[in-house]
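Protein chains in written order, with our numbering: chain A, -10 to 196; chain B, -10 to 196; chain C, -10 to 196; chain D, -10 to 196. Input: a single structure, listed below in C-alpha cells.
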C-alpha cells in the first residue's frame, strides 16, 4: 500500500471525525448548556468544589477540562488523584460517560448524591443510570460503547458506510470541543484573559 | 446576560475550534504521517515498545492515543505511569509538545536518544529543541503557548478577532483528531476490527 | 516549642509506627501468604494478568507493589491507568483495603468475579464485603478508617495512649513492608536477581 | 519448597526491612527535621503552595505524604497531576530521590529555583546534584539505586549477607515512615485531630 492510499484513509478519517463531531455539537441543547454554566459559576462564587470524573478516555477529557477550570481559578479536582478532598454538600460532580452506564462512574454519582453534592452528567443517554441519578444532564451525542451495528448513531446521520473512528471516539472529541468552548464562555463571563490563565499554568510540567 | 447570548458565544467558540482544527489537520504532511505509521507498525512487528510522553493537556492527548494503541495490541506505555518499563534500544518514544520546548519532555527525548530509542515528535515547531532532537517530526499546527498577540497562527489564517480557545487548545484538539484518524488507518492496516478492540477494553474502568 | 521537643515527638512517632507495624506483620498468617504467592506464580506461568487496585494511600501501596512485579516480568497493571486492559478469566485482581468496605474497590472486585477472575483481598477485615467477595484473603492488621476510639487495635496491643499515626497509616505501612518482603521471596522463587530487575527499571522516570 | 521455608524467607525479609529501616530512621538528623517542619508550617501560614515530586516509588511515597498534608489543610499538589498549578516564588518543592540524581527530579528542582521557590531534598546523598541544588536537605539513608555490591550501606550496618529488599526499597520505606511520623508532629503543632483529617478525606475514593 503506497503513501497515497495511506494518506487517503487518514485524511478521510479526519474529515469523518470532524463531520460527525460538527453534527453532534450542533445538537447540544442551549438551555442545558446555560444551566451547566450557571452551576459552575455559582459553585465558584460560593467557594464550592467541582470534582470531575470519567472512566478511560472520557476521564481524560474530564481532566483536560479540569485543567482549564484550574487556570480560571475554580476550586476543581479530578476524582482519583492524590490530593482530591472529600466531596461535600453543594459541591458539584461533573460525571462524563457516553453510555451513562459505566459502573464506577454511576457508583460515584450515587455517593455524590448521598453527601448532598450536585451531579451534572455529560452523556449521550439521558435515561441511563447516570442520567437518571444526575441533577442536570447535558446531552452530547456520539457513538458510544453501547452502539450496535444497526444503530450507529453518527453513521445513520452521516450516511457513511466506512468504519468511522472506533468505540467512543466521536463522543469523546465532541465533548472535548464542547468543554473547550465552554471555557471561552467562562473566560468572558469571569472577565479573565489568557494572560491570567497563563499565570496559573504549571511551571513544572512533567509528563 | 441572557440564554441567547450565552448560547451564541459557546456555539461560536465551538465553530471556531472546529474551523481552526479543520484548517490545521488539512495541513498535516502526508509523508510525515506515512513515516510515523511505518515506525509504529515496525515497532509492533518487532515486539518493540512504544512510550508516549507529553506534559499537561498534550499528555492527556498522548494517553488517549496510547489507550487506543493498547486496544490494537501494541506494546505501549505512558511515561510516568506505574508499570512503565525501561525504554530500550529500538523502542519508539512519541513526544507531544506544541511548542517543542517543554523542559521535561525535551529532557526525556534526550534520554531516549541516549539509550538508542527512536523519537517521534508531534509539534508545531520542527526547529524547536524537541524537533531537532527527534528522529522524525510530524508537524501539527495550532496556537501554542508560545503564541504572542500578533502572531496567533490560527487567528491569522481565519481572520478572526474574537478570543479563540486559549493557550494550546487548537494544537491539542488537532493532534487528538489526527491521532484518532491514525487509529482508523492502523485498524485497516492490521486487519483489526472494533470488536477486537472492544475485547481489550478495560472491564474495570475506574475514574 | 524547641527543637528538642519537636525531635522527641517525631522520633517517638517513628518508633511507634515501627513497633505497631512489627507487631502486625508478625501476625500475618503463613498459609495465607503461601497461597497468595502460589496464585501470583501460577498467573505468571500461565501468562495471565495481575491487576492491582486500592483507593487512596492503599492504592499507592498497590502501585509500589505493581512496579516491583513489573521488574520481575509479571504481566501486571494498575486499575485506572491508561493502558490497563480488560480483566479476563483466570486473571488475578489484588484488592487492597484496610476496612474492606471502600465502595469502589468492592465494586471492582465484584466485576472481577463476574468475568471469572480471581480476587485476592488484602484487608484487616476478612468478613468485610471485600473479604467475603474474595477468593483468597491475606489479613494484615492495622488501625483502619473504621477504628473507633475504644477499639483502636494497635493501641490496645501496644498499650499506648498517645495519638499514633492517623487513619490507615499502620495498615498501609504494614502492607507495604509485607509486599516488599514478598518481592524478595518471589525473586528467590523465580531465580531473578536485582540486576535483572534493574534492567527493567524505567529509564525515563518522570515524577 | 514447602510452606515452612516460604514463610521463613518472607518473615526474614520483613524482619530485615524493619531492622534496616529502624537503623536508618534513627540516623535522621533532628536539626534537619526541625528546619523542614518549620518550612512547611511557614508555607501553610503564608498561604504558599507545597509541591511534591519524586520518580517511581519515591514518587508514590511523596504522594502518600501529600495526601496527608491535604488532610491537614495544607495547600499541596503533586507535580504531574491534572490540577497542579504553577510553582511560584516562596512556594516549597519537596523533592524525593534516594540517589539525588534522577534526571527529571533534578530538572524540576532547578526550574523551582529559577522561579524563586524553595527546594527541600529528601535524599541519601546530600552532595548529589539534587542535594546541591536544594535550599535544605533531609538525609534519609537506605540502599539506593546507586548501590553497588560492595557498599550496600544497610548490609554493612546490619552485617547481613542475604539479599535484602532490592533497589531503593529501604530508602522508600524509611522515608515513608519518617514522613508519616512528621504528620503526627504536624497534627500536634497545628492542633488538628484525626477527626479533622477524616472530614477532609476523599468520600469518593476511586482506585
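Cβ coordinates follow ideal geometry from the N, Cα and C atoms, glycine included.
Simplified DSSP state of residue i, which is helix, strand or coil
i: residue 106(B); result: coil
i: residue 181(D); result: coil
i: residue 112(A); result: strand
i: residue 191(B); result: coil
i: residue 64(B); result: coil
i: residue 165(A); result: helix
i: residue 124(C); result: coil
i: residue 15(B); result: helix
i: residue 117(D); result: coil
i: residue 136(C); result: Here the model assigns residue 136(C) a pLDDT of 43, short of 50, so the residue's position is not dependable, and the following value carries that caveat. Of the three classes helix, strand and coil, the one that applies to residue 136(C) here is coil, per DSSP.
i: residue 176(D); result: helix
i: residue 75(C); result: coil
i: residue 90(D); result: coil
i: residue -3(C); result: helix
i: residue 170(A); result: helix
i: residue 154(A); result: coil
i: residue 51(D); result: helix
i: residue 8(D); result: helix
Enclosing beta strand (DSSP E) for residue i [first to last residue]
i: residue 40(A); result: 39 to 43
i: residue 84(D); result: 81 to 85
Chain-order list of residues whose beta-carbon lies under 6 Å from that of residue i (same chain, five-residue window excluded)
i: residue 91(A); result: 44
i: residue 82(D); result: 40, 101, 106 and 108
i: residue 80(C); result: 37, 38 and 106
i: residue 133(B); result: Interpretation of residue 133(B) is limited by its pLDDT of 46, a score under 50 that renders its predicted location unreliable; the figure taken from the coordinates is listed afterwards. Within the same chain, residue 133(B) has close Cβ partners 87, 88, 113, 157 and 160.
N- and C-terminal bounds of the alpha helix (DSSP H) containing residue i
i: residue 129(C); result: It is not in any alpha helix (DSSP H) - residue 129(C) carries neither H nor E in the DSSP assignment.
i: residue 22(D); result: 19 to 34
Residues of its chain near residue i, where Cβ-Cβ distance is below 7 Å and the 5 sequence neighbours each way are ignored
i: residue 102(D); result: 108 and 122
i: residue 46(D); result: 157 and 161
i: residue 60(D); result: 186, 189 and 190
i: residue 179(A); result: 61
i: residue 33(B); result: 63
i: residue 181(A); result: 61
i: residue 24(D); result: 125
Integer-rounded CB distance, given that residue j should sit under 8 Å from residue i
i: residue 41(B); j: residue 22(B); result: Contact flag wrong, Cβ pair sits at about 17 Å.
i: residue 49(D); j: residue 53(C); result: 5 Å
i: residue 110(A); j: residue 126(A); result: 5 Å
i: residue 166(C); j: residue 3(D); result: 6 Å
i: residue 5(C); j: residue 6(D); result: Their Cβ separation, rounded to whole angstroms, is 17 Å, which puts residue 5(C) and residue 6(D) out of contact at 8 Å.
i: residue 192(A); j: residue 75(D); result: 5 Å
i: residue 26(A); j: residue 174(A); result: 6 Å
i: residue 71(B); j: residue 70(C); result: 6 Å
i: residue 30(D); j: residue 155(C); result: 18 Å between Cβ atoms; not a contact.
i: residue 94(D); j: residue 77(D); result: So it is not a contact: roughly 19 Å between Cβ atoms.
Residues near residue i by beta carbon distance below 8 Å, same chain, minus five either side
i: residue 36(A); result: 64
i: residue 177(A); result: none
i: residue 73(B); result: 40, 66 and 67
i: residue 51(B); result: 41, 42, 43, 67, 83 and 85
i: residue 17(C); result: 127, 128, 129 and 167
i: residue 183(D); result: 176
Practice item. Report the residues of the segment 49 to 82 of chain A with a CB closer than 7 Å to any CB of chain D, ordered along the chain. Key: 52, 55, 56, 59, 65, 66, 67, 68, 69, 70, 71, 72, 73, 74, 75 and 76
Exercise for review: Note down, in chain order, all residues in the segment 22 to 46 of chain D with a beta-carbon under 8 Å from any beta-carbon belonging to chain C.
Suggested key: 22, 23, 26, 42, 43, 44, 45 and 46
Review point. If you measure beta-carbon to beta-carbon, which residues of the segment 155 to 173 of chain C are closer than 8 Å to chain D?
Key: 155, 156, 158, 161, 162, 165, 166, 167, 169, 170, 171, 172 and 173
Point to revise | Interface positions of the segment 89 to 101 of chain B facing chain D (Cβ-Cβ less than 8 Å), listed along the chain | key: 92, 93, 96, 97 and 100
Check your understanding: Residues in the segment 107 to 118 of chain C with C-beta within 7 Å of chain D's C-beta atoms, listed in sequence order?
Key -> Residues passing the 7 Å Cβ filter: none.
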